[in-house]
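Below you'll find the structure, written out as structure tokens, and then a few comments.
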Amino acid sequence: MNKSETVKVQVPATTANCGPGFDALGIACNIYNELELTLLRENKLEIEISGEGTGYLPENDKNLIWKVVKSVVEKTDAAYEGAQIKMHNNIPLSRGLGSSAAAIVAGITAANCALGEPFDRQSVLEMATALEGHPDNVAPAIFGGMTVSLCEQNVVKTLSFLPKIDLKMIVAVPEFFLSTKKARKALPEFVSMSDAVFNVAHVSSLIAAMCTGNIDVLSHSFNDKLHQPYRADLIPGMYEVFDAAKAAGALGTAISGAGPSLIAFAVHEEEQIGRAMVAAFSKYQVDSHYLILDIDNKGARRIN
Ligand code: HSE
1 MNKSETVKVQ VPATTANCGP GFDALGIACN IYNELELTLL RENKLEIEIS
51 GEGTGYLPEN DKNLIWKVVK SVVEKTDAAY EGAQIKMHNN IPLSRGLGSS
101 AAAIVAGITA ANCALGEPFD RQSVLEMATA LEGHPDNVAP AIFGGMTVSL
151 CEQNVVKTLS FLPKIDLKMI VAVPEFFLST KKARKALPEF VSMSDAVFNV
201 AHVSSLIAAM CTGNIDVLSH SFNDKLHQPY RADLIPGMYE VFDAAKAAGA
251 LGTAISGAGP SLIAFAVHEE EQIGRAMVAA FSKYQVDSHY LILDIDNKGA
301 RRIN
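Oh and the sequence shown: position 283 is 283 in the UniProt record's numbering, straight run, nothing missing.
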């Protein structure tokens, strides 16, 4: 056979950190990228992109999905050298909604399916974490739900669960890009013991509140001292957008991943919160739009 079976996969957007859970917490959200992949024996590459990133993402061998697919094929003894790739992207690019994690997870999942699933989900998690550098977006992209992840040397452990609160996520997406690399460069090498203790308490409360359904404790749990204060200068109006969301009824607010999108968590008043966030951004000459998202509980999956 000159080609593999054609497989189509769907991968959710993700929001990482959730405030105090830097590099550890993530939530899968109900907007999705789709990838259709056929592996070819011949050394030929065809890439078609529609939706977000069209005309910007490379349609050649520099394409991230192709690089990921190739790296998965090379872990096996399958003799595929090329591919036909069609992607349709709904996840905004470089905005803190896990577009690169979605590309990595889509590439690994599709290649794994096309190869007859030689890798289990734990191996997919480890491959994706190695490529992304941290697990907090790739884990919810793979498993769905809210995920808690830890890495120790090469071992990655993830637990996925659904919060006992019918949580809505309101994301204000600004019209500018912020690369994760730049947002990580803004972080200090060392933090104080009191800031570390602050985050341990807040992230523990956040998880306990999500698992027990305690909305009062949850509303006190989103603050962070490890990354958000250092990233504020990269996101004009950040604190004012947070304040506007809370005044409109949000339980808590955070930078979505490394930003620049800002996220509010709420159980009601979603439209009002979204409008308030966009209006607060506009006072800082930042154009934005808002999305109201639910938690995705499926994660990456084959859809054909
Ligand atoms: N935890 C990561 C960060 C998420 O905040 O830098 C972005 O990939």
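Cβ coordinates follow ideal geometry from the N, Cα and C atoms, glycine included.
Closer than 8 Å to some heavy atom of the ligand HSE: that describes the Cβ of Gly257.
Three or more Cβ pairs closer than 8 Å define a contact, and the segment 255-265 meets that threshold against the segment 92-109. Proximity of the beta carbon of Ala196 to the ligand HSE is not indicated: no heavy atom of the ligand is located closer than 8 Å. Relative to the ligand HSE, even the nearest heavy atom lies 8 Å or more away from the CB of Gly19. Under the three-state reduction of DSSP output, Pro12 falls in the strand class. Residue environment: Asn112 is assigned as buried (16 or more neighbouring CB atoms within 10 Å of its CB, all protein chains considered). For Arg184, the CB contacts under 7 Å within the same chain, skipping 5 residues up- and downstream, are Ala258 in chain order. Collapsing the DSSP output to three states places Thr76 in coil. Between Glu42 and the set Gln84, Thr15 and Ser205, the nearest pair of CA atoms involves Gln84. Residue burial annotation: Thr54 is exposed, with fewer than 16 other C-beta atoms found within 10 angstroms of its C-beta. Around the Cβ of Thr212, a 10 Å sphere holds fewer than 16 other Cβ atoms; the residue is exposed. For the options Ala102, Gly82, Gly51 and Thr147, the alpha carbon positioned closest to that of Asn89 is the one of Gly51.
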